[in-house]
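Structure, as structure tokens:
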Amino acid sequence: MSGSGLRSGQLADAAGVNLQTLRYYERRGLLASPQRSPGGHRLYPTETVALLRVIKAAQRLGFTLNEVADLLDAGRHQHSRRPDTGLQARAKDKLAEVEQKLADLTVIRDTLRAAIAAGCDDLVACAGSSCCPLPFAELAGRNDRADHC
1 MSGSGLRSGQ
11 LADAAGVNLQ
21 TLRYYERRGL
31 LASPQRSPGG
41 HRLYPTETVA
51 LLRVIKAAQR
61 LGFTLNEVAD
71 LLDAGRHQHS
81 RRPDTGLQAR
91 AKDKLAEVEQ
101 KLADLTVIRD
111 TLRAAIAAGC
121 DDLVACAGSS
131 CCPLPFAELA
141 GRNDRADHC
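Residue numbers are given in full-length UniProt numbering: position 99 of the sequence shown equals residue 99, and the series is strictly consecutive.
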């Protein structure tokens, strides 16, 4: 690839990332070290644009950079990989994680709606109320609470 390829700025623009991201991904091993032009400029293969887009898409799906690195590594070694290391297995695990987060967020949403409906306006006063829907009231016990609802 003597003299051909994308310089850092061109690659960053094409992939929608910044130069610091390129350097960071190189340090993390997500991107191979690029070749250098005779003038010392980094030259990346054009396929690196697609790789960067894949990495960013995986991150948007909730995969950490460590998980992305593992997925990329598993893809490079498809013939020798275990069935539990590929995209299917990892996507199922990530989906279960996302579904748990959604369930947790649903509880939070419903609790906040209940706090609004109950007229909770003062955190300390609400905590002392037997009708407070916020979870700290349950943790502290409601036996000796005065009603302020």
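Ideal placement from N, C-alpha and C gives every residue a C-beta, glycine not left out.
query: Do you know how far the Cα of Q59 is from the Cα of V17?
result: Here the question's residue 17 lines up with position 17 in the sequence shown. Here the question's residue 59 lines up with position 59 in the sequence shown. One C-alpha to the other measures close to 13 Å.
- prompt: What is the C-beta distance between residue 151 and L19, in whole angstroms, given that I count them as a contact (C-beta under 8 Å)?
  reply: Missing from the structure shown is residue 151; the chain here goes from 1 to 149 and no further.
- prompt: Can you name, in chain order, every residue of its own chain whose Cβ lies under 6 Å from the Cβ of R7, other than the five neighbours on each side?
  reply: Taking the first residue of the sequence shown as position 1, residue 7 is located at position 7. If we look at R7 and ignore the five residues flanking it on each side, its Cβ neighbours are H41.
message: If contacts are defined as beta-carbon pairs under 8 Å, then F63 and L72 qualify, I think. What distance do you get, rounded to the angstrom?
response: Position 63 of the sequence shown, counted from the first residue, corresponds to residue 63. Position 72 of the sequence shown, counted from the first residue, corresponds to residue 72. Not confirmed; about 10 Å, so no contact.
query: residue 153: which of A96, V124, P133 sits nearest, CA to CA?
result: Because the chain in this structure spans residues 1 to 149, residue 153 falls outside the shown range and cannot be described.
- prompt: Does the Cβ of A12 have 16 or more other Cβ atoms within 10 Å, making it buried, or fewer, making it exposed?
  reply: Looking up residue 12 in the sequence shown gives position 12. So A12 ends up on the buried side.
DSSP three-state assignment for L6, whether helix, strand or coil: In the sequence shown, counting from the first residue as 1, residue 6 sits at position 6. Reduced to three states, the DSSP call for L6 is strand.
field: Nonlocal neighbours in the same chain, by C-beta distance under 7 Å from A15, ignoring five residues either side
entry: The residue you call residue 15 lines up with position 15 of the sequence shown. For A15, where only same-chain residues beyond five positions count, the Cβ hits under 7 Å are V49, L52, R53.
Closest Cα partner of A91 within the set A57, A32, C120, P135: On the sequence shown, position 91 is the one that residue 91 refers to. Taking A91 as reference, the option from A57, A32, C120, P135 with the minimal CA-CA separation is A57.
- prompt: So what does DSSP say about L43, is it helix, strand or coil?
  reply: As a first step, residue 43 is located in the sequence shown; it is residue number 43 there, counting from the start. It is a strand residue.
- prompt: What is the rounded straight-line gap between the Cα of S4 and the Cα of A69?
  reply: Taking the sequence shown and counting its residues from 1, one reaches residue 4 at position 4. Taking the sequence shown and counting its residues from 1, one reaches residue 69 at position 69. In a straight line, the C-alpha of S4 is about 27 Å away from that of A69.
message: Rounded to whole angstroms, what is the Cα-Cα separation between L65 and S33?
response: Along the sequence shown, one-based indexing puts residue 65 at 65. Along the sequence shown, one-based indexing puts residue 33 at 33. Distance between the alpha carbons of L65 and S33: 17 Å.
- request: Over the uninterrupted alpha helix (DSSP H) stretch that includes residue 153, give me the two end residues.
  value: What the structure shows of the chain is the stretch from 1 to 149, and residue 153 is not part of that stretch, so it cannot be assessed.
query: What are the start and end residues of the alpha helix (DSSP H) that includes G75?
result: Counting from one through the sequence shown, the residue named residue 75 turns up at place 75. Its alpha helix (DSSP H) spans residues 65 to 76.
query: Short check: CB of A117 to CB of C131, under 8 Å?
result: Reading the sequence shown from its first residue, position 117 is the one you call residue 117. Reading the sequence shown from its first residue, position 131 is the one you call residue 131. Contact: no.
- request: Decide if L95 is buried, meaning its Cβ has at least 16 other Cβ atoms within 10 Å, or exposed.
  value: Residue 95 sits at position 95 when you count from the first residue of the sequence shown. Looking at its Cβ environment, which holds fewer than 16 other Cβ atoms inside 10 Å, L95 is exposed.
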